[in-house]
Structures are given as C-alpha cells and as structure tokens.
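J.: For the sequence shown, UniProt numbering gives the first residue as 1, with consecutive numbering after it.
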Amino acid sequence: MPINSLRTKRVAIIGGGPAGLMAAEVLGAGGVQVNLYDAMPSVGRKFLLAGKGGMNITHSEPYEAFVARYGGREQQVARWLECFDAAAVRDWIHGLGVETFVGSSGRVFPTDMKAAPLLRAWLHRLRESGVQFHMRHRWLGWRGDKLLFAAPEGELEAEADAVVLALGGCSWARLGSDGAWVPLLQAKEVDVAPLRPANCGFEVDWSEHFSSRHAGEPLITVAVTSRDRGGQMVRKQGQFVVTQTGVEGSLIYALSAALRDQVEAEGSTTIWLDLLPDLAAERVFEEVSRPRGARSMPSHLQSRLGIKGVKSGLLHECLSKQDFANPALLAAALKHLPLRLIRARPIDEAISSAGGVRFEAIEAESGMLRALPGVFVAGEMVDWEAPTGGYLLTACFASARAAANGALAWLATSGK
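#1: DSSP on Met368, reduced to helix/strand/coil?
#2: CB-CB under 7 Å to Thr8, same chain, minus the five flanking residues each way: which ones, in chain order?
#3: Evaluate Thr388 with the Cβ neighbour count: other Cβ atoms within 10 Å of its Cβ, from every protein chain shown; 16 or more gives buried, anything less gives exposed.
#4: Got a sec, what are the start and stop residues for the beta strand (DSSP E) Met233 sits in?
#5: Leaving aside the five residues before and after Leu81 along the sequence, list all residues of the same chain whose C-beta is less than 8 Å from its C-beta, in chain order.
#6: In terms of residues, what are the limits of the alpha helix (DSSP H) holding Gly406?
#7: Measuring CA to CA, which of Ala331, Gly72, Ile271 is closest to Arg235?
#8: Among residues of its own chain, excluding the 5 on either side of Gly30, which ones have a beta-carbon nearer than 6 Å to its beta-carbon?
#9: What's the gap between the Cα of Val89 and the Cα of Asp38?
#10: Can you give the Cα-Cα distance for Gly20 and Met40, rounded to whole angstroms?
#11: Considering only their Cβ atoms, is the gap separating Val222 from Leu273 smaller than 7 Å?
#12: Helix, strand or coil: how does DSSP classify Tyr253 here?
#13: Residues in its own chain within less than 8 Å of Ser177 by CB, not counting five upstream and five downstream?
#14: Under a three-way DSSP split, which group does Val190 fall into?
#15: One question on the structure: do Glu189 and Ala364 come within less than 7 Å of each other, judged by their Cβ atoms?
#16: Would Glu25 be called buried (16 or more neighbouring beta carbons within 10 Å of its own) or exposed?
#17: Anyone know if the C-beta pair for residue 439 and Ser60 falls short of 7 Å?
#18: What are the start and end residues of the beta strand (DSSP E) that includes Arg340?
#19: Taking the Cβ atom as the reference point for each residue, do Leu27 and Ala404 lie within a distance shorter than 7 Å?
#20: Between Leu319 and the rest of its own chain, which residues show a CB-CB distance below 6 Å, the 5 nearest in sequence each way excluded?
#21: Quick one, are the C-beta atoms of Ala254 and Arg229 less than 7 Å apart?
#22: Pull up the DSSP beta-bridge partners for Ala12, would you.
#23: Report the option in Gly44, Lys335, Ala86, His124 whose CA atom is closest to the CA atom of Gly106.
#24: Does the region 239-247 come into contact with the region 288-304, if we say contact requires no fewer than three beta-carbon pairs (one atom in each stretch) closer than 8 Å?
#25: Quick check: the Cα distance between Phe149 and Leu314, rounded to an integer number of angstroms?
#26: Can you tell me which of Phe376, Gly390, Leu341 puts its alpha carbon nearest to the alpha carbon of Arg401?
#27: List the DSSP bridge partners of Thr225.
#28: Taking its Cβ as the centre, do 16 or more other Cβ atoms sit within 10 Å of Ser414, making it buried, or is it exposed?
#29: Scan the region 84-167 and note each continuous alpha helix (DSSP H) run of 4 residues or more that stays entirely inside, going in chain order.
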C-alpha cells in the first residue's frame, strides 16, 4: 500500500509517557492520523519527575555490555535496540536541539541536566506533525470494535484502524502508571505476568532505637555482597540510604531484581555490607586490635577507622554486645556485616516495575498482540526490566519505535 493511502488511517496511542510519545513521532512521520490519549492532565509526568535529579537519558557503554543489562530478556530487547540503540537516542536528542554529555559513570545526560526543555521541544515537533492530544481520557477497554474512554464530558467512544498501547507499568500511580490496563487485556485473553517492583528498596526489621536515629542517613562509601540470580556471589560498591523501614538507593537498586526474587522465593534474603571497602581485612583487624586505653570501642573505631554515625549504628544494630567487644568478630563484621531483607517495598514506590505482557503473547517482529490483531504494545507494560542508568528509557524508546513501525506495516498490508 503506498504511503499516501495511509493518510486516511487513524491510529490511537493510549499512554503519554516516553513510549507513547515516541510511537506518536514514528506514526506521525509515517503519514497516519495520530490521536494520543492519556488519563492525566498532561503528558510525560513520570519523565519529568525522573529528570528532577538530572535527566539520565541513556548510557555510553559498549553495545554488548549495554544489552546484557536486560538479563533474561536480553534477546528480546536486542531486537528493539538493533534499530534504535543508545547512539541513536543521542542522535535523536541532538535533532531536537538538545546537546548531551557523558558523565563520569558513563551515563548520558542533556547538557543542562533537565527534562523539561527536551519534552517541550519534543511536543512541539509532535504537534507540528499533526499529532492530536486528548488529555484526561482514561481508557476503559473496548465497546464492540471501538475504544472506550472516561472523558471529562462522560464516556466517549473512538474508532481506530490500529492501536498502540503504551500504558506503563505500576509504579508511581499518581503520575499515571497504575496498572489498570491489566484486567482489560486479561479479559481479551492476553497473557500478562504479575506486575512486581523493580529498582526498589527493601524492608529491614530495624529497632526503634536505630531507625529513629539514623533514618535518612546515607552510607556513601560502602560495598554490598549478595547472591545473583544464578546463585553466584556478586559484589558492588557505591552508596545507599537507610530509611525508616529499611534500605534504598542506587546500590540497592542495582541488586534489587535478584534480591526481590530471593525474598519472594525464600521469605527473606541476606546481603553483606563492607563498611570499609577501601581497606583490606588485615588492615581493619590491625586497627581494631590496637590498644585503646580508656577510650570506648566506638571512640576507638572513629579514631582509627573513621567509623561513626550510621555505620557505627549499624554495628550496634547487627552485633551482640559480646561480638562488639570481640576485636576479631568486630573486625570481621566491619568487612562482612550481614543484613537481612524481609520484603521489597510496595510497587508504587519503585522506580519501575517488572512483569507485564509476556513476550509469548506478542508477535516478535511487529509488537502486535497475537490475541488482538491491530493492537500493538510498547514500553514498560511489556515483561522486561532493567537497572537504572538510562537502560529503562532507551528500551522504552526502542520498543515504541518497533511497535509503531509494526503498526505502519500492518496497516499497509492488512487492507483495513
């Protein structure tokens, strides 16, 4: 079918996050009439929130390492990235008039570190291409062959020749990702894996004494040893924060997928903290064992090793008085302090979610739902997950482009 004949075709995109907006861009460029619906008053709300601490757009590491970040879904996500990888993301941003730079960690940011200018430029481009936005339209499913929405003026039906669903997962419901689409698709016999927290914090059974004194304090120089999904011990250095209920932060998020699985399977899991990751165990033992005279052990640890504040509190929280008074056991704990995690924090607090539409329910090449011809899915509502660092956003973009191109190809050949 010639591209001109696509100009009479209408595509509905449901969801105004990064995946929905990227699908709109590709479809608009493809010549179809694009209507984007979202339940919120404006688009890109989670995108803007993610940019408050510095808009991490993608990552600069080599492709092989990059695609490995998607774990068990590496092969499926690689299909998306083949057509729109991290380099393509940067080129696309530059095309919007926004420059980028690579940070010391390899993460890629807009030069001004902000999401709002990027979103404004993007929305201007979309409106110029003819994309129509329908805000405060909550998708309710289908009524016959038509899409059904709860709109400000009441229930509204809309016709579409193809549909791209980009409804997100189930984290930060107040920004629109509430998982309300799950029963709608399950009712159409679409196989959906349960939504679970990803890049999340964990609960620890702190004492009231410890949590009241140290909640909110960061552990800036620390390493964590834990089991990966294959049961092998892994060690990562970084930082995290003690909270009223447990632990959260970048180092915990980096390990959270395996930790979450272990908690679900076993009821709890243990991580081991190295409170002095830059010092060898022998050196730590020497310093702990030095004569301390009239000084208390906490004063001795602060003087010899800089252990104070939340690190000192953790030792008191996790060790008995007898172990704390034993130099050998204390030195060992400073390098290998066990911490039991009892559950993941609720999914609505997580940075992202795992689970969603299973890949087995999707045609691999097009992104179309096998049970619903003409309906395509993209973004976080598909069953994959990734750590923070630009991997989430890159895969959302890439999956949306794949789904949009799949929709164009289907419209061109289906005869609808």
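Every residue, glycine too, gets a C-beta built ideally from N, C-alpha and C.
T.: Considering the structure as presented:
#1: strand
#2: none
#3: buried
#4: 233-242
#5: Tyr63, Phe66, Val67, Thr394, Ala395, Ala398
#6: 391-414
#7: Ile271
#8: Leu408
#9: 24 Å
#10: 13 Å
#11: yes
#12: helix
#13: Gly17, Lys46, Leu167, Gly168, Gly169, Cys170, Ser171, Ser353, Glu380
#14: coil
#15: no
#16: buried
#17: This structure cannot settle anything about residue 439, because the visible part of the chain is limited to 1 through 416.
#18: 337-341
#19: yes
#20: Ala333
#21: no
#22: Asn35, Val163
#23: Ala86
#24: no
#25: 51 Å
#26: Phe376
#27: Arg235, Trp272
#28: exposed
#29: 86-95, 116-128
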